[in-house]
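Colleague: Here you go, one structure.
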Amino acid sequence: MMCKKCRFAKCKRVGMRQDAVQKNRDIYGKREGTVTTPISSTAPSMPLLKKVSEMYRKLETQRIVVYGTRSRPRIVNYKQTIEVLLKEYHLISEWIFDSFNCYSSLPCDQKEVLLRNFFFQFVVLEAGFRACHHRRNDVWFIPSGDYIDCIDLATFFHDPGGTQTMSSKEAVKMFGSSFDTYHRNVSVPMIRENVDCIEFLVLAALTLFATGVDGQSDECYEVCRKVQEIIQKELLHYYEFTKSTEEPPIRLGNILSIVPNLQRATRRFQVEIELRHVLKAYSVDRNACTAFFRRTVSKNHKYRCGENNACEVVSTIRKMCKSCRYTKCLAVGMKKDGVQKFRDIYGKRESQSSTSTSDPIASGSQRLPILDALVKNYIHLENVRQVIHRDGTKSVFTRNTPRALNYKESINVFLKEYNLVEDWIVNPFPDFAELPNDQKRAARRFHEDMMLSNVMNAYSVDQKFYELGKI
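Heads up: the sequence shown begins at 1 in this note's numbering, then just goes up one per residue.
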């Protein structure tokens, strides 16, 4: 005798669909044409949800092609998550185009308004749906099949390259509460309500066609309002004829209550832990430890920690552990070879007294790695540009065709390029990462002013675009 619960769970796991089962099956075999099956009943009464569901299954198939399959999911960090989300952006864009004809007919600027508002909310919502499907709240499943370990968030904030100035533990303290907000508002309610695929897609559609979004036109507002009405009517029909729900209005209210919770959780993420820039927004002030680091290196001091190298190093502690403080100095990028061994008492040392250290740029043997890194990262920049600047009406695998732009479209491109070029500068030029923050800001501000002033001199740019430019 097999366990019926486990047997039923395995049936669903191998792909058997509950919505393909007749609710009241005829005792003499297949039902006659006069009695419609749930599938046939969805065709005239649930056309939109049926199409969205079919396109979502197609999206899942595309994800298998893009990400491949692994016998065992792996834990990912923030950089690996960003790579997945970059691919997801155009995969989800195609899914929206294929699922909603009314979206395809909107003007390009309104498509952009809705997609920007929708994308990260959908990422959070789908994570909650996967948590509900797997009945697990300790991990965050991402579309590639891998997951974020929500119990040990230090694995997510870990930087294998060691380029970030903030440690994993510090990042968890600062941004870990965002994950708590996600669990409290999204994954826990979805698990409690046992949200199925149709209900998940209804929530996704309501999120996409939201009303009151910044930049939304009156025509787009009316389209979104009508789609919301259609979606809710089809969901009620689904409750009445397909899903066995005793009180459909109460079930509908419980499901719709997830929408404001989703907005709350997403807003918290966007404020505190926006994935591409969260760890760049904060940097450790190295000036406070400059004198300590210089004394330690020049006098060759040796320290020993009495707390197993786990002391907290923050400015609010009066007497910090010197061993852990020195370790943190090295971790944030301070270089021992940058400290003068015998500092001149009258200021900077004369040029003739400087040590004869070879310049890595002037050295022929050391020049090639920099050029290799420059070329490699520029090729990567070009590939990322194909994704970021891709025309939303074209396939994922089709290269962009050049077209004439107006000044507003050019500004949108430049605003995206700002972060792309910054990433490209930091990777091949580690010395730029070592500059003080005010000098980095000066360089970025110069690039920004040069980029925007040429456009604003020729055209009267409205205040909204100007404020967007002042990042």
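Even glycine gets a Cβ: it sits at the ideal position worked out from N, Cα and C. Treat the numbers as computed from the prediction; the structure is a model and nothing was measured.
Beta-carbon within less than 7 angstroms of Ala210's beta-carbon, same chain only, minus the 5 sequence neighbours each way: which residues are those?
Modeller: Here residue 210 is taken as the residue at index 210 of the sequence shown, counted from 1. Once the five neighbours on either side are set aside, the close Cβ partners of Ala210 are Asn117 and Cys224.
Colleague: Measuring only the C-alpha atoms, how far is Asp146 from Trp140?
Modeller: Start at 1 with the first residue of the sequence shown, and residue 146 comes out as number 146. Start at 1 with the first residue of the sequence shown, and residue 140 comes out as number 140. If you take the alpha carbons of Asp146 and Trp140, they lie about 9 angstroms apart.
Colleague: Output yes or no for whether 9 angstroms exceeds the beta carbon distance between Cys329 and Cys321.
Modeller: Within the sequence shown, residue 329 is the residue found at index 329, counting from 1. Within the sequence shown, residue 321 is the residue found at index 321, counting from 1. Taking 9 angstroms as the Cβ cut-off, Cys329 and Cys321 do not qualify as a contacting pair.
Colleague: Can we count Lys376 as close to the ligand MN, meaning its CB is less than 8 angstroms from some heavy atom?
Modeller: With respect to small molecules bound, the structure shown includes none, and the ligand MN cannot be examined in it.
Colleague: Please classify Ile27: does DSSP put it in a helix, a strand, or coil?
Modeller: Your numbering for residue 27 matches position 27 in the sequence shown. Legend: pLDDT at Ile27 = 33, less than 50; position of this residue unreliable, value from coordinates given subsequently. Note: Ile27 maps to coil in three-state DSSP.
Colleague: Rounded to whole angstroms, what's the CA-CA distance from Val195 to Val186? Just pull it up for me.
Modeller: By one-based count along the sequence shown, residue 195 stands at place 195. By one-based count along the sequence shown, residue 186 stands at place 186. One C-alpha to the other measures close to 11 angstroms.
Colleague: On the three-state DSSP scale, how would you describe Ile151?
Modeller: To locate residue 151, count along the sequence shown from 1; it is residue 151. For Ile151, the three-state secondary structure derived from DSSP is coil.
Colleague: How about Glu88 and Val52: do their beta carbons lie closer than 9 angstroms?
Modeller: To locate residue 88, count along the sequence shown from 1; it is residue 88. To locate residue 52, count along the sequence shown from 1; it is residue 52. No. Outside cutoff.
Colleague: Roughly how many angstroms separate the alpha carbons of Asn254 and Glu193, rounded to a whole number?
Modeller: For the purposes of this step, residue 254 is taken as residue 254 along the sequence shown, with counting starting at 1. For the purposes of this step, residue 193 is taken as residue 193 along the sequence shown, with counting starting at 1. If I take the Cα positions, the gap works out to 8 angstroms.
Colleague: Thinking just about the alpha-carbon of each residue, which of Lys10, Cys289 and Phe429 is nearest to the one in Lys376?
Modeller: Position 376 of the sequence shown, counting from 1, holds the residue named residue 376. Residue Phe429 is the option with its Cα nearest to Lys376.
Colleague: Measure the C-alpha to C-alpha separation of Val172 and Leu153 and round it to an integer number of angstroms.
Modeller: As a first step, residue 172 is located in the sequence shown; it is residue number 172 there, counting from the start. As a first step, residue 153 is located in the sequence shown; it is residue number 153 there, counting from the start. One C-alpha to the other measures close to 6 angstroms.
Colleague: Return the residue from the list Arg17, Leu381, Ser99 and His90 that minimises the CA-CA distance to Glu54.
Modeller: The residue you call residue 54 lines up with position 54 of the sequence shown. Among Arg17, Leu381, Ser99 and His90, the Cα nearest to that of Glu54 is on Ser99.
Colleague: Just curious, the beta strand (DSSP E) that Val124 is in, first and last residue?
Modeller: Position 124 of the sequence shown, counting from 1, holds the residue named residue 124. It is not in any beta strand (DSSP E) - Val124 instead sits in the alpha helix (DSSP H) that spans Cys108 to His134.
Colleague: Would Asn419 pass as a contact of Ala373 if the rule is Cβ separation under 9 angstroms?
Modeller: If you number the sequence shown from 1, residue 419 lands on position 419. If you number the sequence shown from 1, residue 373 lands on position 373. Taking 9 angstroms as the Cβ cut-off, Asn419 and Ala373 do not qualify as a contacting pair.
Colleague: Between Gly176 and Pro402, what straight-line distance do the alpha-carbon atoms span, to the nearest angstrom?
Modeller: Here the question's residue 176 lines up with position 176 in the sequence shown. Here the question's residue 402 lines up with position 402 in the sequence shown. The alpha-carbon atoms of Gly176 and Pro402 are separated by roughly 43 angstroms.
Colleague: Let me check understanding here. Comparing Cα to Cα, which of Lys336, Lys319, Arg267 and Asn308 lies closest to Val297?
Modeller: Indexing the sequence shown from 1 puts residue 297 at position 297. When only C-alpha atoms are compared, the closest one is Lys336.
Colleague: With DSSP collapsed to three states, give me the class of Arg286.
Modeller: The count along the sequence shown starts at 1 and reaches residue 286 at position 286. With a pLDDT of only 44 at Arg286, under 50, the local geometry of the prediction cannot be trusted, and no value is derived from it.
Colleague: Leaving out five residues on either side along the sequence, give the residues of the same chain with a beta carbon under 8 angstroms from the beta carbon of Val339.
Modeller: One-based indexing of the sequence shown puts residue 339 at position 339. Same-chain partners within the cutoff: Phe293, Arg294, Val297 and Ser298.
Colleague: Do three or more CB pairs link the stretch 73-92 to the stretch 257-267 at distances below 8 angstroms?
Modeller: no
Colleague: For His183, I'd like the list of residues in its chain whose CB is within less than 7 angstroms of its CB, leaving aside the five on either flank, ordered along the chain.
Modeller: Taking the first residue of the sequence shown as position 1, residue 183 is located at position 183. Result list for His183: Asn137, in chain order.
Colleague: By Cβ distance, which residues of its chain are closer than 8 angstroms to Leu405, with the 5 residues on each side in sequence left out?
Modeller: Counting from one through the sequence shown, the residue named residue 405 turns up at place 405. For Leu405, where only same-chain residues beyond five positions count, the Cβ hits under 8 angstroms are Val413.
Colleague: Return the first residue and the last residue of the beta strand (DSSP E) that Val139 is part of.
Modeller: Taking the first residue of the sequence shown as position 1, residue 139 is located at position 139. Taken as a continuous stretch (DSSP letters only), the beta strand (DSSP E) holding Val139 covers Val139 to Phe141.
Colleague: Given this structure, state the Cα-to-Cα distance separating Met334 from Tyr67, to the nearest angstrom.
Modeller: Here residue 334 corresponds to residue number 334 of the sequence shown, with the count starting at 1. Here residue 67 corresponds to residue number 67 of the sequence shown, with the count starting at 1. Distance between the alpha carbons of Met334 and Tyr67 is about 38 angstroms.
Colleague: Just mark Gly29 as buried or exposed, buried being the case when its beta carbon has 16 or more other beta carbons within 10 Å.
Modeller: Residue mapping note: residue 29 aligns to position 29 of the sequence shown, counting from 1. Because Gly29 carries a pLDDT of 37, less than 50, the predicted location of this residue cannot be relied on, and the following value inherits that uncertainty. Burial call: exposed.
Colleague: Rounding to the nearest angstrom, what Cα-Cα distance links Asp431 and His158 in this structure?
Modeller: Translated into positions along the sequence shown, residue 431 becomes position 431. Translated into positions along the sequence shown, residue 158 becomes position 158. Their backbone Cα atoms lie some 22 angstroms apart in a straight line.
Colleague: To the nearest angstrom, how far is the alpha carbon of Asn101 from that of Leu114?
Modeller: Locating residue 101 in the sequence shown gives position 101, where the first residue counts as 1. Locating residue 114 in the sequence shown gives position 114, where the first residue counts as 1. Spanning the two alpha carbons is a distance of roughly 14 angstroms.
Colleague: Tell me which residues share the same chain as Met2 and place their Cβ nearer than 8 angstroms to its Cβ, disregarding the 5 neighbours each side in the sequence.
Modeller: In the sequence shown, the residue the question calls residue 2 occupies position 2. For Met2, where only same-chain residues beyond five positions count, there are no Cβ hits under 8 angstroms.
Colleague: How long is the line joining the alpha carbons of Thr266 and Ala291, rounded to whole angstroms?
Modeller: Translated into the one-based positions of the sequence shown, residue 266 becomes position 266. Translated into the one-based positions of the sequence shown, residue 291 becomes position 291. Straight across, the Cα-Cα distance linking Thr266 with Ala291 is about 42 angstroms.
Colleague: Which one of Gln18, Pro369, Pro73 and Val84 has the shortest CA to CA distance from Arg63?
Modeller: Here residue 63 refers to the residue found at position 63 of the sequence shown. Per the Cα distances, Val84.
Colleague: Thinking Leu106 and Ile230 are a contact (beta carbons under 8 angstroms), I'd like their distance in whole angstroms, please.
Modeller: In the sequence shown, residue 106 corresponds to position 106, counting from 1. In the sequence shown, residue 230 corresponds to position 230, counting from 1. That pair is no contact at about 16 angstroms.
Colleague: Got a sec, what are the start and stop residues for the alpha helix (DSSP H) Met174 sits in?
Modeller: Looking up residue 174 in the sequence shown gives position 174. Ser168 to Tyr182 is the extent of the alpha helix (DSSP H) around Met174.
Colleague: Of all the options Tyr378, Asn308 and His90, which has the alpha carbon lying nearest to the alpha carbon of Asp423?
Modeller: Counting from one through the sequence shown, the residue named residue 423 turns up at place 423. Closest by alpha carbon: Tyr378.
Colleague: Do the CB positions of Arg251 and Ile191 come within less than 9 angstroms of each other?
Modeller: Along the sequence shown, one-based indexing puts residue 251 at 251. Along the sequence shown, one-based indexing puts residue 191 at 191. Going by C-beta atoms, Arg251 is not nearer than 9 angstroms to Ile191.
Colleague: For Ala9, is the classification buried or exposed, using 16 other Cβ atoms within 10 angstroms of its Cβ as the cut-off for buried?
Modeller: Along the sequence shown, one-based indexing puts residue 9 at 9. It counts as exposed.
Colleague: Opposite Ile75 in the DSSP bridges: which residues?
Modeller: As a position in the sequence shown, residue 75 is number 75, starting the count at 1. Beta-bridge pairing links Ile75 to Tyr147.
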